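Chains as they are written, first to last, in my numbering: chain E, 434 to 674; chain V, 13 to 336.
All residues carry an ideal CB built from backbone N, CA and C; glycine is no exception.
If you're wondering where the values come from, they're calculated on a predicted model, not measured in any experiment.
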Ligand SMILES: Nc1ncnc2c1ncn2[C@@H]1O[C@H](COP(=O)(O)OP(=O)(O)OP(=O)(O)O)[C@@H](O)[C@H]1O
Ligand SMILES: [Mg+2]
C-alpha cells in the first residue's frame with residue numbers, strides 16, 4: 434500500500450478541526466478520486482500527503498521518496514519556457530545536464546506538446562499550461578501523483594480532452610493517482626474509486642467503485658453520478674440551519 | 013467503438029430527480045463528458061492540436077512603433093516653443109528668464125571651454141560607481157533581510173525610515189567626517205541608494221506568490237536552490253524597480269552633495285556647475301546645468317532601465333494592456 438491514512442486529523446491554530454479521523458488505503462497503481470464540497474479540507478489533506486503540511490493527529494504512510502504534485506493553476510514559473518520548467522524539475526531531482534533536454538522533450542511529447550517547448554507559460558492556453566504542468570509532475574518521477582483540482586479552471590471541451598489524456602497517461606505510466614475534485618462527474622469519469630469527504634470536519638464518509646463499464650456506458654455512469662450527487666447533497670444539507 | 017464517442021450532455025440522474033433541489037443542475041449548462049470522449053491516442057492528439065492552435069495567439073510581428081519616438085519629440089518641441097513664446101512676450105528681464113536660444117548659446121560656450129564635458133563625465137562616473145557599489149552592498153543585505161524574519165523585524169523599520177530621510181541631510185555629517193573629498197560624495201550617494209535598493213528587493217520577495225515556494229518544495233529544492241533558482245528570479249521585477257529607484261536616489265543625492273560640498277579635492281561635476289552659476293548669478297549656466305542633470309537622468313532611464321525592464325516583463329507576459 435503506497436498510501437495509508439490512519440485516524441488523520443488536522444486543525445489550524447485552535448479553530449475547529451478541518452480534518453478529523455480520516456482513514457483511507459490507496460493501492461499501488463490505483464486512481465482514486467477524492468470528492469468533497471468546497472472548503473471541506475481536500476487541499477489540506479492533499480498537502481499533508483505531499484508533506485507541505487503536518488497533521489495534528491493520526492498517522493500516515495506515504496512513499497519515502499515523496500509525491501509529485503499538480504496544482505490547480507498550473508503554477509509554472511513565468512521566467513522559464515515550457516521546456517525549461519520541466520528541465521528545472523529534472524534538475525532539482527538530480528538528473529544530469531546531458532539527459533535533461535532529451536527527457537524534457539520526451540515528456541512534452543507524452544502530453545502532445547512536442548512543438549510548444551520554447552513557448553513561455555503566458556503564450557500557452559490554459560489547457561496547454563496544465564499539460565506542461567502535468568509533464569512537470571511526471572518529470573518528478575514519483576510513484577505517487579497528487580492532483581489538486583487541476584482542471585477546475587478549464588472550459589468543458591478542454592477538460593473532456595484532458596480527462597482522456599490523463600487516463601491514457603495513467604495507463605501508460607502506472608502511477609498511483611489521488612485526484613481531488615468537487616465535481617462529481619469528474620470524479621466518476623476518472624476515478625476507479627471515489628471517496629467522499631464530509632465537511633466540517635472532513636472525514637471519508639462513503640466510497641464507490643467505478644468499473645470499466647462506467648467508462649463506456651453513459652447511462653450507467655449517469656446513474657452513479659446521480660447516486661453520489663444525492664449523497665453529497667445530503668452531506669451539505671446537514672449543515673443547513 | 014462509436015458508441016463511446018458521444019459525450020453525455022445532460023445526464024439523467026435518478027438521484028437528483030427523485031429528491032433534492034433542482035438548483036445546481038439548472039445553473040450548470042455545460043457538463044463534462046462522463047465517458048471517454050475521444051476514440052484513441054491519434055484522435056486525441058489531433059483534437060488537442062486543433063484546440064491548441066485555436067487557443068494560442070498567432071505570433072505577432074514586432075514593428076517599430078513610431079508614435080513612441082515622435083510623440084515625446086513633439087511634446088518637447090511644444091514645450092520649447094511655449095518657452096520661447098513666453099520669453100518673447102518680454103514680461104521678465106532677459107537675464108532672469110533667458111530664452112532657449114540663450115541657453116543653447118551658453119551650452120556652446122561651456123562645450124568650447126570643455127567644462128560641460130568635464131562636469132557631465134565627473135558626475136556620471138561618480139553616479140555610476142556609487143550606484144554599482146550600492147547594488148553590491150544592498151543585494152545581499154536585502155536577500156538576508158527578506159529571508160530571515162527576526163532580522164527583518166529588527167532592521168526593516170530602520171531601512172524604511174532611511175528611505176524617507178533626504179540623503180542631503182547626511183552632507184554636513186559627511187563633510188565633518190571626510191572633509192571635502194570624493195568620500196563625502198560617495199557616502200551621501202550610498203545613504204540615498206542603498207536603502208531603496210534593499211526595500212525594492214524585499215518587496216520583490218514579498219510579492220512572490222506563495223505557491224512558487226510550494227512548487228519548489230514539492231520539486232525537492234534545497235534551501236540554496238530555492239533562493240537561487242526560484243526566489244531570486246521570481247523577485248526580479250520588484251528588484252529591478254528597486255534598482256531604478258536606487259539609481260534615481262543616487263543621482264539626486266549626488267547632485268545635492270555636489271551643490272553643497274564644493275572645493276577641496278572634489279572635482280567639478282554638474283552640481284558644482286549649478287552652484288557656480290548661482291555664484292555668478294548667470295541664469296543661462298544654471299539652466300544649462302539643470303537641463304543636463306535632467307537629460308542624463310532621462311537617458312539612463314531610456315537607454316539602460318527601460319529596455320531591461322521591457323524585456324523582463326515581456327518574457328513573463330506582464331506587458332499586455334499597459335500603456336508603455
Ligand atoms: N493555512 C490555513 N490556516 C487556517 N485555516 C485554513 C488554512 N488552510 C485552510 N484552512 C481552512 O481549512 C478549511 C479547508 O480548506 P481547504 O483549502 O483544504 O478546502 P478545500 O476542500 O480544498 O476547498 P476548495 O474546494 O475551495 O479548494 C477551510 O475552511 C479553510 O478556511
Ligand atoms: Mg482546494
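- Nearest to residue 471/E by alpha-carbon distance, out of 558/E, 508/E, 633/E, 488/E, is 633/E.
- DSSP places residue 518/E in the uninterrupted alpha helix (DSSP H) bounded by 515-526.
- Nearest neighbour of residue 488/E by Cα position, chosen from 498/E, 508/E, 536/E, 438/E, turns out to be 438/E.
- Remark: fewer than three beta-carbon pairs, one from each stretch, lie closer than 8 Å, so the stretch 157-172 of chain V and the stretch 288-297 of chain V are not flagged as touching.
- With distances taken between CA atoms, residue 589/E lies nearest to 618/E out of 514/E, 618/E, 528/E.
- Burial state of residue 320/V is exposed, judged by a 10 Å Cβ sphere holding fewer than 16 other Cβ atoms.
- The DSSP-derived three-state label of residue 443/E is strand.
- Around residue 273/V, the same chain offers 183, 186, 187, 192, 196, 197 as residues with beta carbons nearer than 8 Å, after the five sequence neighbours per side are excluded.
- Residue 581/E counts as buried, since at least 16 other C-beta atoms from the protein chains shown sit within 10 angstroms of its C-beta.
- Taken atom to atom, the span from the alpha-carbon of residue 146/V to that of residue 545/E is near 48 Å.
- Counting along the chain, the unbroken alpha helix (DSSP H) around residue 131/V starts and ends at 127-159.
- The criterion of a C-beta distance shorter than 9 Å is not satisfied by residue 469/E and residue 608/E.
- Between residue 119/V and residue 108/V, the gap from beta carbon to beta carbon reaches 9 Å or more.
- Just so you know, the alpha carbons of residue 638/E and residue 241/V end up roughly 42 Å apart.
- In the assembly as shown, residue 573/E is a buried residue. Its beta-carbon has 16 or more other beta-carbons within 10 Å.
- Set against 8 Å, the gap from the CB of residue 672/E to the closest heavy atom of ligand 1 is not smaller.
- For residue 290/V, no chain E residue has a C-beta closer than 8 Å to its own C-beta; the minimum C-beta separation is roughly 48 Å.
- Note on geometry: alpha-carbon atoms of residue 494/E and residue 483/E lie some 11 Å from one another.
- Straight-line spacing of the CA atoms in residue 104/V and residue 155/V works out to 54 Å.
- Interface with chain V (9 Å Cβ-Cβ cutoff): residue 573/E is included.
- Runs of the beta strand (DSSP E) lying entirely within the stretch 455-538 of chain E and spanning at least 3 residues, in chain order: 464-469, 490-494, 501-503.
- Remark: the C-beta of residue 629/E is outside contact range of ligand 1, defined as less than 8 Å to any heavy atom.
- Of the candidates 640/E, 650/E, 628/E, 628/E places its Cα closest to the Cα of residue 475/E.
- The beta carbons of residue 231/V and residue 567/E sit about 14 Å from each other, so the pair does not count as a contact at 8 Å.
- For residue 246/V, same chain residues with a beta-carbon under 6 Å away, outside a window of 5 residues either side, are 220, 224 in chain order.
- Residue 224/V has a beta carbon lying within less than 9 Å of a beta carbon in chain E.
- Interface annotation, residue 536/E: not in contact with chain V, CB-CB separation never under 9 Å.
- Per DSSP, reduced to three states, the secondary structure at residue 635/E is strand.
- Apart from the 5 residues on each side of it in sequence, residue 669/E sits with its Cβ closer than 6 Å to the Cβ of 470 in its chain, given in chain order.
- Residue-level contact check: residue 466/E does not touch chain V, since none of the beta carbons of chain V fall below 9 Å from its beta carbon.
- 9 Å or more divides the Cβ of residue 502/E from the Cβ of residue 587/E.
- Under the 8 Å Cβ criterion, the stretch 304-315 of chain V does not count as touching the stretch 246-255 of chain V, having fewer than three qualifying pairs.
- For residue 615/E, the shortest separation between its Cβ and any heavy atom of ligand 1 lies below 8 Å.
- DSSP places residue 584/E in the coil class of the three-state scheme, outside both helix and strand.
- Neighbours of residue 510/E across chain V, judged by C-beta separation under 8 Å: 224, 227, 242, 245, 246.
- Per DSSP, reduced to three states, the secondary structure at residue 616/E is coil, with no helix or strand assignment.
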